[in-house]
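Engineer:
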Amino acid sequence: LPASSQLRMSSAASIARWAWSSVGVGAPHMAITQSPTNLSTVPPWRKMISVAMVKNSLRMRTTCSGVSFSVKQNHRQQAESALIDHSADLALIFEPVRRPEFETILSVRQTISAIMPADHPLAGSRHIRLRECLQYPLGLPDRTTGVRDILEMAAAKAMLNLRGQIESEDAQFLINHAAAENCITFDIPLGLSKAQLDRRGMIARPLDRRDAPDGFLYLGQLRGRMLPVAAAKFGEQIASSLAATYEGAN
């Protein structure tokens with residue numbers, strides 16, 4: 003690689019989109035390119051994805067000292083568009099992938115969790131029904147996020163009225179709000195850190211799959227495009243990290 007090669011990562015906020023694109027709540031998005039190499043990600047998965055990115059970027063820089071990285075956040079539609087206009091090489095997107103130009107490299111199953119204070123009345127349940135959550139104040143991911151898409155479909159199927167006292171694309175804001183107001187919010191495993199939840203006195207409980215089906219996190223690229231060497235190698239490393247961390251990787 004030439005010394006000027008750059009891996010740029012832009013993150014998409016719709017709970018997990020990578021072009022490197024996360025999203026927004028619930029879900030991440032990310033993408034990668036070479037000179038410059040680009041990634042789009044969504045805010046909800048930012049935490050664990052960031053760890054994987056840092057570890058793999060350090061590994062890349064050990065063998066390719068001239069490669070540099072930059073990270074940005076976008077909405078998931080922007081993450082997909084970044085692949086098409088070649089401003090991103092790779093994208094990580096949490097539900098749904100809408101563009102036929104998106105070619106999946108790896109998909110990872112993600113179960114939506116209800117996040118609440120440890121002393122919440124529902125905290126003792128191992129799995130929680132959506133209708134139980136609706137009996138309490140909610141902080142909801144906004145409609146740009148994949149988590150919200152799944153929640154809306156689940157509520158419509160059960161003929162439930164999904165209403166929150168507050169909405170945001172920022173998962174961390176919603177978790178802080180839930181801690182302060184003793185309410186419930188929702189996210190996926192990629193966006194959750196047990197250590198951070200413990201520090202806030204919060205817990206995460208999976209939603210019953212009879213109500214909310216699992217979503218998928220997709221790592222992909224523009225269909226038919228030959229990726230630069232740096233982007234392709236980095237994508238392989240991220241795919242390996244995700245597959246080693248989560249069950250149901252394909």
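Heads up, my numbering is the position in the sequence shown plus 2, with the first residue counted as 1. From the three backbone atoms N, C-alpha and C, an ideal C-beta is built for every residue, glycine too.
Does the Cβ of LYS235 have 16 or more other Cβ atoms within 10 Å, making it buried, or fewer, making it exposed?
Structural biologist: Residue numbering aside, residue 235 sits at position 233 when the sequence shown is read from its first letter. The residue is buried, with at least 16 neighbouring Cβ atoms inside 10 Å.
Engineer: Taking the CB atoms as reference points, tell me whether GLN112 and GLY222 lie closer together than 7 angstroms.
Structural biologist: Sequence index remark: in the sequence shown, residue 112 carries index 110 (1-based). Sequence index remark: in the sequence shown, residue 222 carries index 220 (1-based). Not a contact, by the Cβ cut-off of 7 angstroms.
Engineer: In the DSSP assignment, what residue or residues form a beta bridge with TYR220?
Structural biologist: Within the sequence shown, numbered from 1, the residue matching residue 220 stands at position 218. TYR220 pairs with ILE95, SER109.
Engineer: Ordered along the chain, which non-local residues of its own chain (more than five positions away) have a Cβ less than 7 angstroms from that of ARG212?
Structural biologist: Translated into the one-based positions of the sequence shown, residue 212 becomes position 210. Excluding sequence neighbours, ARG212 sits near nothing in its chain.
Engineer: At a cut of 8 angstroms, does the stretch 96–116 reach the stretch 189–200 through at least three beta carbon pairs?
Structural biologist: Yes: the two stretches touch, three or more of their Cβ pairs being nearer than 8 angstroms.
Engineer: Could you spell out the range, first to last residue, of the alpha helix (DSSP H) harbouring MET155?
Structural biologist: Counted from its first residue, the sequence shown places residue 155 at position 153. Here the alpha helix (DSSP H) through MET155 covers 148–159.
Engineer: Apart from the five residues on each side of it in sequence, which residues of its chain come closer than 7 angstroms, Cβ to Cβ, to GLY166?
Structural biologist: Stepping through the sequence shown from its first residue, residue 166 is reached at position 164. Excluding sequence neighbours, GLY166 sits near LEU140, GLY141, LEU142.
Engineer: For GLU249, I'd like the list of residues in its chain whose CB is within less than 7 angstroms of its CB, leaving aside the five on either flank, ordered along the chain.
Structural biologist: By 1-based counting over the sequence shown, the position of residue 249 is 247. Taken in chain order, the residues that qualify are ARG111.
Engineer: With distances taken from CA atoms, which of ALA156, MET118, ARG202, ASP144 is nearest THR133?
Structural biologist: Taking the sequence shown and counting its residues from 1, one reaches residue 133 at position 131. Residue identity check: residue 133 is Arg in the sequence provided, not Thr. Per the Cα distances, ALA156.
Engineer: Thinking C-beta only, is LEU209 closer than 7 angstroms to ALA2?
Structural biologist: Given a span of 3 to 252 for the chain in the structure shown, any question on residue 2 remains unanswerable.
Engineer: Between ASN184 and the rest of its own chain, which residues show a CB-CB distance below 6 angstroms, the 5 nearest in sequence each way excluded?
Structural biologist: Translated into positions along the sequence shown, residue 184 becomes position 182. Once the five neighbours on either side are set aside, the close Cβ partners of ASN184 are PRO119.
Engineer: Please state whether the Cβ-Cβ distance between SER225 and GLU105 is less than 7 angstroms.
Structural biologist: Stepping through the sequence shown from its first residue, residue 225 is reached at position 223. Stepping through the sequence shown from its first residue, residue 105 is reached at position 103. Checking the sequence shown, residue 225 turns out to be Arg, not Ser. Yes, the pair counts as a contact, with Cβ atoms nearer than the cut-off.
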